[in-house]
Amino acid sequence: MERRNTRQRQLVLDAVRDLDDHPTADEVYLRVREKDEHVSRGTVYRNLHVLVESGDIVSVKVSGGERFDRRSDNHAHLVCTECGSVKDVPAPDVEDARREMERAWGYADVRTSTVFAGVCPACQKKSQAAR
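With numbering that gives the first Met the number 0, letter number 95 in the sequence shown gets 94, and the count goes up by one each step, no holes.
In structure tokens, the structure reads:
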């Protein structure tokens, strides 16, 4: 189903692109409201998911929620398990595994999403300082 590109959807997409640090839905909502105070939270959330479905942005599931990535190219994410920050990192080579999934299970157009988790340097420093 093709959806028309509404003004609100463009505002949401622009906000994700402007906030290049994997914003939350609330951060996107606040940025959109700076441009148009009449756009509702529900409209922003709905349009975020339409943009994910269309491949314009990527949803990154993190502990306690979801972040959004303006990059839809092949890359992985490194998520801090303490503060929830998200970094773009090179994707591991999974092409052989992807092809094997298609062959063995009969699936077509198999896609992958890789998320690595760990504790970021800033959270490590905070933890060491608290000791």
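By construction, the Cβ of each residue, glycine as well, lies at the ideal position given by its N, Cα and C atoms.
First through last residue of the beta strand (DSSP E) which encompasses residue i
i   : result
S58 : V57 to V61
D68 : G64 to D68
D87 : V85 to V88
Residue range of the alpha helix (DSSP H) that includes residue i
i    : result
A75  : A75 -> not in any alpha helix (DSSP H); beta strand (DSSP E) instead, spanning A75 to C79.
E94  : E94 to W104
A155 : Nothing about residue 155 can be reported from this structure: the residues present for the chain run from 0 to 130 only.
D17  : R6 to D17
As assigned by DSSP and simplified to three states, the class of residue i
i    : result
T42  : helix
V27  : helix
V114 : strand
R130 : coil
E1   : Note that E1 has pLDDT 47, beneath the 50 cutoff, so the model's placement of it is unreliable and no number is given.
T122 : Note that residue 122 is Cys in the sequence shown here, rather than Thr. Helix at C122.
S71  : coil
E36  : coil
H48  : helix
Anticipated Cβ contact below 8 Å, residue i with residue j, distance rounded
i    : j   : result
A116 : V78 : 5 Å
D87  : H74 : 5 Å
Cutoff 8 Å: residue i Cβ touching any chain C Cβ
i   : result
R97 : In the structure shown, chain C cannot be found, because there is only a single protein chain.
Would you call the stretch 33-46 and the stretch 89-109 touching, i.e. three or more CB-CB distances under 8 Å? With the cut-off at 8 Å, the stretch 33-46 and the stretch 89-109 do not touch.
For the 8 Å Cβ check, are there 3 or more pairs between the stretch 64-71 and the stretch 107-114? Result no; under three Cβ-Cβ pairs closer than 8 Å.
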